[in-house]
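Enquirer: Using my numbering, the first residue of the sequence shown is number 964, and each one after it goes up by one.
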Amino acid sequence: MTTILFPYEEVKTKIQSAECITILSHLNPDADAIGTALGIYNLLKKDKIKRVEVVNGSKALPLHLDFLPGFDKIKHQIEYENSLIISCDCGSIDRLGFDLDGRDIINIDHHRSNTQYGSINVVIADYASSSQVAFELLKKLYIVDADTATCFYTALLSDTRYFTTTSVNKEVFDVAYALVEAGAKPDVIAYNFTQRRSLSSLRILEKALSSLTLHEEAKVAVLRVTKEDIEATGAAVPDMEGIVDYARSLVTVKIALFAMELDDGIRISLRSKNVDLSQVASAFGGGGHKVAAGFIMKESGLQESIDRILEKIKELGLV
Ligand SMILES: [Mn+2]
């Protein structure tokens, strides 16, 4: 990996000159979004003079992340006026869910599709998680304590699917090592993260798995859950995280699609084994990474949305 030049001085000056700071992450946050935001929150709140708040626009947070230090401090509305914004894991400004007109933004992310909406953009697409970006940026400016290390490590564990994704390399283990040295406890985090599932998450998984269909000589797998499935199981969106990975894990599969019929549209998760999904995602107004992308389809129903994506995959000759 080539040497990356971080804007240490610019970031330091911005943070130091701000009276109050609002740390944001994307709507429907995952563990990388929340872990990166809380890690930065724990670092910055040690400065007693500065006011720091951590906010996410979604009401339904992934509750299994409640072991992260500061989780109970997450607000759903921005309370500070004219605060400096630190945006975490968010590819485009609209996915933050707030009107940020006129505010300075430090944009910390690793989505290749990031639209560079910040006053300072620290976007490194080769990094495995936004917490890896935040750690490499902030370790030069602050002493990373155990609370921050716990949040950053959890984010890294999640976005690498327990260190199994193609983004995992020596640098990722260097960061993990540094975070463990700083006080992150891998066994405690793994327990909290993987061994406290909700009943709804298993019930909805059962519904999703029973819907499995295969396409293009079993190279494309589709899972879906209807509004009725979601109601019957009591599942919230965070309960459905990771379901798409089951479809991808099938031996023949190159692309996996998981479709959720939600109130605001059909939410799509796409995953691949090394097939570049960025063209599919951008065709439907979504963004993401090469092998992981997501978007919401509002114009068509559940099955029609799936059919349109299958058609697009075929049209692009991806499998
Ligand atoms: Mn991420």
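Backbone N, C-alpha and C fix where the C-beta goes; we use that ideal spot for every residue, glycine too.
1. At which residue ranges does the stretch 1073-1156 contain complete beta strand (DSSP E) runs of 3 or more residues, listed in the order of the chain?
2. Going along the chain, which residues of its own chain have a beta-carbon closer than 6 Å to the beta-carbon of residue 973, five neighbours each way excluded?
3. Which residue or residues does DSSP assign as beta-bridge partners of residue 1047?
4. Does the Cβ of residue 1076 lie closer than 7 Å to at least one heavy atom of ligand 1?
5. So, under 8 Å CB-CB, residue 1050 and residue 987 are touching, yes? Tell me the CB distance rounded to an integer number of Å.
6. In the DSSP assignment, the beta strand (DSSP E) including residue 1066 goes from what residue to what residue?
7. What separation, rounded to the nearest whole angstrom, lies between the Cα atoms of residue 1263 and residue 1197?
8. Using DSSP bridges, identify the partner residues of residue 1038.
9. Which residues does DSSP list as the beta-bridge partners of residue 1259?
10. Can you find the residues in the same chain that come closer than 8 Å, C-beta to C-beta, to residue 1215, ignoring five residues on each side of it along the sequence?
11. Taking C-alpha atoms, which residue in 1032, 1010, 1146, 1038 lies nearest to residue 1017?
12. I believe residue 1184 touches residue 1142 by the beta-carbon criterion, under 8 Å. Please report the beta-carbon distance rounded to the nearest angstrom.
13. According to DSSP, is residue 1218 helix, strand or coil?
14. If you measure from the CB of residue 1161, is any heavy atom of ligand 1 nearer than 7 Å?
15. Hey, quick one: how far does the beta strand (DSSP E) through residue 1187 stretch, first residue to last?
16. Go through its chain and collect everything with a Cβ distance to residue 1208's Cβ below 8 Å, but skip five positions before and after it.
17. Are the Cβ atoms of residue 1094 and residue 1066 separated by less than 8 Å?
18. Across the stretch 1243-1254 and the stretch 1007-1014, are there enough close Cβ pairs to call them in contact, namely three or more that are closer than 8 Å?
19. Within 10 Å of its beta-carbon, does residue 1116 have 16 or more other beta-carbons around it, so buried, or fewer, so exposed?
20. Say yes only if the C-beta of residue 1122 is nearer than 7 Å to one or more non-hydrogen atoms of ligand 1, and no if none qualify.
Expert: The short version:
1. Here the runs fully enclosed are 1083-1086.
2. 1083
3. 984
4. Residue 1076 has its CB no nearer than 7 Å to any heavy atom of ligand 1.
5. 5 Å
6. It is not in any beta strand (DSSP E) - residue 1066 carries neither H nor E in the DSSP assignment.
7. 24 Å
8. Partner(s): 1018.
9. 1230
10. Once the five neighbours on either side are set aside, the close Cβ partners of residue 1215 are 1177, 1180, 1181, 1182.
11. Ranking the options by Cα distance to residue 1017, first place goes to 1038.
12. Actually they are not in contact, since the Cβ atoms of residue 1184 and residue 1142 sit about 34 Å apart, beyond 8 Å.
13. In the structure shown, residue 1218 falls within a strand segment according to DSSP collapsed to helix, strand and coil.
14. no
15. 1183-1188
16. 1124, 1219, 1234
17. no
18. no
19. buried
20. yes
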